[in-house]
């Protein structure tokens, strides 16, 4: 029997029993559509997280942190100093090793108060000027400050989920004098109030929303950051006169950014740093963790959708099994006029596969329609809700489409093979009587 | 060399705890182009013999050779292939597929033989014209009379040019006038195509058309005679 004839026979049989075929197919459609949407949405989520992370951090940069936990590779590095910077440079794996020191402090502008992390920068050439929305970078060695976009929103009185409709509002911040420092105070034995020292500074610029690494922070000169840290040390020295002031804080870094010479060296560099006892973080590691987490989500949700596909497979088997009784005479006639056992098996397995594949194909078409709607609706919802639009909430892939079709074929084949073998064993004499 | 050669064919069926012998050692030889009628009362074993002869039902014992091929040693797929190439079947109840038109029913054996669509359509049309149904090709079986349905079944049996046609009570469901028409058609095809016919019947009408009459009784061939002599 030729393939085209087989397809024609299968199509005719399905059309003859179209109501039952459609109902059987609905099960497959529901199962496949669920899998399609779950995987598309997690694809979209994964891409969103990865893109956001890549916007926030350079993918070729490993962020090195002090390690406060016991290290597998021996001694844990509990602090980062110039010595560590030199060690990393000597590894020869990194193009640039940038230590980062922050002052975590209170900031006051008129009636508004909030906490901020100010990054110390000596060399402003390391900052991409394209990421400045308005104003300029601070002058070297001064107390001038450039703040992040979200921090600017906060100082303008916006909440995190609100959008700045008129960007020119940001101009009002430029030149604004703000107070940095303070935040902690206490009354001593004599009843005097002891407070952390406050410093006046001026906002000279605002980073754009693209500069996510500075979104809730600010950047100023290393000299000013050290002044803030010193005032903190002095405050604690005043309130604890019996304790020796810890001046080492001025030499400690919060983190070190190590940019690899080649992205292919990233994994190797990461493992070396871990062995050296550092705690690290990179876009790659984040990506791996995200993938692992989403794989877990996919597995759980996919298994739930798989149950409905399993039920639909049973539906196909039931439909085909019933067909044997209904088409007993037809099978007998086919066999008596020269149809072989294999021909009968091909017809029955083919019908089961056709129901499953057609159901899968319809699910894929519906999936694309739903994805389109979801992305269009989602774009405006996320724009309102998050302040930035996510254009692709669900992303179907070629692998997903191919996977569903292959899966449907396998489900159809397995669901059809038992009834098909049963049909092939039909006794001709009983059937044609 | 005979086209059909059976030697000591035996067949029994279980009935309760015992087995009942239906065919008790039948030997028969049919020459190519012969029109043989097997007659006998109900329960004599003639239909069972026809089923065994076609390979639909396996024998318990004996040798069965059709067109030089030993059927008793073939498996199910080999038997299907054999039936496709050498045998045609005509049944009392026509056994047409109700959802297919007359033309599609006749095409069916050629589909399983892998004949291309165009060619098999031509062959099927030619055969329907030969059985006098040129104007009924697109009709469903339900739209045809009993005689017309049997003509479709005859066309289907002959469409792949088999060497042997096995017919089980081909006129059993027809009135006497239509029965004569069908038998005349079978005889005409037998003469024109040279196809061998083995017809199982208990109708006396067939006596006038058969070259040889074989009577079966209690699972044995009891008499043989030539009707035209």
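Chains as they are written, first to last, in the working numbering: chain Y, 40 to 472; chain L, 272 to 500. Using N, Cα and C, we set each Cβ at its ideal position, and we do this for glycine too.
Residue 361 of chain L sits away from residue 486 of chain L, with the two beta carbons spaced by 8 Å or more. Of all C-beta pairs linking the region 181-194 of chain Y to the region 235-251 of chain Y, three or more are shorter than 8 Å, placing the two stretches in contact.
Contact of residue 369 of chain Y with chain L is assigned, a C-beta pair being separated by under 8 Å. For the C-beta of residue 372 of chain Y, the chain L residues within less than 7 Å are, from N- to C-terminus, 366 and 368.
Put simply, the CB of residue 328 of chain L is near chain Y, with a gap under 8 Å to one of its CB atoms. Contact between the region 345-360 of chain L and the region 379-396 of chain Y is established, with three or more Cβ pairs separated by less than 8 Å. Against residue 382 of chain Y, the close residues of chain L are 351 and 383, in the order they occur along the chain (beta-carbon pairs closer than 8 Å). Taking a Cβ-Cβ threshold of 7 Å, the residues of chain Y close to residue 362 of chain L are 471, in chain order. In the structure shown, residue 415 of chain Y falls within a helical segment according to DSSP collapsed to helix, strand and coil. Per DSSP, the unbroken beta strand (DSSP E) holding residue 289 of chain L starts and ends at 289-301. Using a CB distance cut-off of 8 Å, residue 432 of chain L does not count as an interface residue toward chain Y. C-alpha of residue 358 of chain L to C-alpha of residue 427 of chain L: approximately 11 Å in a straight line. If you look at residue 123 of chain Y, you'll find it in the alpha helix (DSSP H) that goes 121-129.
Straight across, the Cα-Cα distance linking residue 263 of chain Y with residue 292 of chain Y is about 15 Å.
Residues of chain Y whose Cβ lies closer than 9 Å to the Cβ of residue 427 of chain L are, in chain order, 376.
The Cβ neighbour count for residue 309 of chain Y, taken over all protein chains shown within 10 Å, is at least 16; the residue is labelled buried. Taking 8 Å as the cut-off, the beta carbon of residue 445 of chain L is found no closer than this to the beta carbon of residue 295 of chain L.
With respect to residue 101 of chain Y, residue 297 of chain Y sits close: the two C-beta atoms are nearer than 8 Å. Fully contained in the region 266-328 of chain Y are the following alpha helix (DSSP H) runs of length 4 or more, in chain order: 305-314. Chain L places a beta carbon closer than 8 Å to that of residue 44 of chain Y, counting this residue as a contact. Under the DSSP definition of a beta bridge, residue 225 of chain Y partners with Y:233. Within the same chain, Cβ atoms closer than 7 Å to the Cβ of residue 128 of chain Y are found at 136, the five residues on either side in sequence being excluded.
At least 8 Å separates the CB of residue 330 of chain Y from every CB of chain L. For residue 55 of chain Y, a Cβ of chain L is located within less than 8 Å of the residue's own Cβ. Within chain L, 327 have C-beta atoms less than 7 Å from the C-beta of residue 467 of chain Y, given in sequence order. Chain order gives no chain Y residues near residue 273 of chain L, where near means a beta carbon separation below 9 Å; the closest approach is about 23 Å. A distance below 8 Å separates the beta carbons of residue 49 of chain Y and residue 389 of chain Y. For the region 308-328 of chain L, the set of positions with a beta-carbon nearer than 7 Å to some beta-carbon of chain Y reads 322, 327 and 328 in chain order. With a threshold of 8 Å between beta carbons, residue 361 of chain Y makes no contact with chain L.
Here residue 431 of chain L really is in contact with residue 384 of chain L; their C-beta atoms are around 6 Å apart, less than 8 Å. Within 9 Å of the CB of residue 452 of chain L, no CB atom of chain Y is found; the nearest one sits about 24 Å away. With respect to the C-alpha of residue 489 of chain L, the residue from L:277, L:324 and L:281 having the closest C-alpha is L:281. Ranked by Cα distance from residue 412 of chain Y, the first of Y:433, Y:392, Y:395 and Y:402 is Y:433.
Sequence-distant partners of residue 238 of chain Y (beyond 5 residues in either direction) whose C-beta falls short of 8 Å from its own C-beta, in its chain, are 182, 218, 219, 220, 263, 266, 267 and 270. Identification of chain L residues near residue 41 of chain Y by a Cβ-Cβ cut-off of 7 Å yields 385, ordered along the chain.
Taking the C-beta atoms as reference points, residue 442 of chain L is found nearer than 8 Å to residue 454 of chain L.
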